[in-house]
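Numbering (my numbering), first residue to last: 583 to 996.
Written as structure tokens, this is what we have:
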């Protein structure tokens with residue numbers, strides 16, 4: 583029987599649409615990321631499920647809108663230490679593990695602080711990394727002053743720059759599992775604050791988490807150093823795959839969990855992290871699978887983080903349980919055969935704001951109601967709600983129905 587493909591999922595943290603060369607980014611050098619796009623497929627219209635960390639990660643893990651998991655906002659270290667992703671949810675790691683895969687996550691979890699939420703209980707055979715939203719890249723102290731570097735369910739301090747450690751653990755995992763199918767989830771902290779390059783000193787110590795953003799004043803330079811470290815790590819991962827002769831047996835997907843904070847770039851898009859403007863959730867998305875995906879492919883299909891679970895299941899040739907109700911869709915035929923997707927509505931909700939996307943149309947409700955035709959106005963500069971009232975009304979009705987339905991689902995879980 584043909585061996586099942588390996589899967590590598592690389593998630594950047596707060597990386598903007600304009601932060602990579604292959605997305606016309608001019609201020610950073612990202613040769614490894616650009617190479618993935620050159621050798622594979624680049625999504626121009628890939629979106630995170632939310633404009634912040636935890637909800638997107640919940641959608642990524644479960645293939646469903648994050649609201650169905652009860653995670654609509656950030657799980658903060660200060661106020662939500664008893665909150666997390668319930669193990670009642672089925673994750674892509676759960677599915678792949680039952681399909682004969684070795685599974686690992688190295689890096690950022692951010693789906694619960696208590697041991698009961700640990701990745702080891704969510705389908706992952708191995709976990710090394712941190713459970714909070716961000717840590718000092720050198721001392722691994724979280725934003726409230728706690729040590730936060732784990733090996734499975736135990737705190738195990740480890741010296742090193744977190745970006746490099748994530749890469750090194752990934753390479754070790756690949757080498758140890760080269761003869762069997764594996765799923766490797768590399769959840770980078772980069773380029774999330776604190777803004778610290780590989781050669782900077784630690785800023786946080788136990789009980790002293792300030793300054794939150796780090797002491798570096800030249801944050802643009804620090805951001806550049808951080809991105810270079812992650813890009814170098816991606817190159818190391820790819821080289822390891824190639825050296826083992828696994829290039830054509832390995833599917834790699836790269837994306838970001840939401841749009842950028844300063845000093846990151848949204849490119850031509852409006853808004854940044856925390857916003858439902860395009861810059862808050864339209865992010866880089868790249869798939870590379872030599873021999874399967876045609877090199878240099880570009881797709882304008884609208885896709886979302888939650889589409890990854892059904893896609894990974896399809897790549898792994900798994901039969902999904904009939905009881906598993908997903909919101910995401912399988913992208914394999916889009917990526918390999920370049921078949922267009924059927925039109926579908928997509929939704930975002932964060933705090934008091936919500937948005938719907940259908941084809942090129944986007945309706946966003948924040949301080950006011952705005953309608954945009956993104957094919958003509960990707961920067962969301964001109965509100966055409968007065969010119970297209972019927973279109974706005976149709977989208978608003980769909981958005982209200984979805985919001986009510988998703989809220990009812992949350993009530994049933996609580």
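We treat Cβ as the ideally placed atom computed from N, Cα and C, and that holds for glycine.
The DSSP-derived three-state label of residue 863 is helix. With fewer than 16 neighbouring CB atoms inside 10 Å of its own CB, residue 989 falls in the exposed class. Inter-residue distance for residue 800 and residue 806 is about 10 Å (C-alpha atoms, whole angstroms).
When DSSP states are grouped into helix, strand and coil, residue 814 belongs to the helix group.
Segment contact: the region 781-799 against the region 764-773, fewer than three CB-CB distances shorter than 8 Å; contact not assigned. Following the DSSP letters along the chain, one finds residue 955 inside the beta strand (DSSP E) bounded by residues 951-955.
Cα atoms of residue 732 and residue 789: separation of roughly 18 Å, rounded to the nearest angstrom. Selection 837, 831, 725, 762 evaluated against residue 791 yields 725 as nearest (Cα-Cα). The closest CA to that of residue 705, considering only 968, 675, 593, 890, is found on 675. In this structure, DSSP gives residue 661 a state outside helix and strand, which the three-state scheme calls coil. With fewer than 16 other Cβ atoms inside 10 Å of its own Cβ, residue 761 counts as exposed.
In its chain, beyond the 5 residues on either side, 630, 631, 638, 641, 642 have a beta carbon closer than 6 Å to the beta carbon of residue 887. Between residue 842 and the set 634, 764, 927, the nearest pair of CA atoms involves 634.
In the DSSP annotation of this structure, the continuous segment of the alpha helix (DSSP H) that includes residue 635 starts and ends at 635-644. Inclusion of residue 615 and residue 898 in the CB contact set at 8 Å is not warranted, their separation being larger than that value. Of the candidates 671, 944, 933, 716, the residue whose Cα lies closest to the Cα of residue 857 is 933. Look at the region 669-700 and you find these whole runs of beta strand (DSSP E), each 3 residues long or longer: 684-690.
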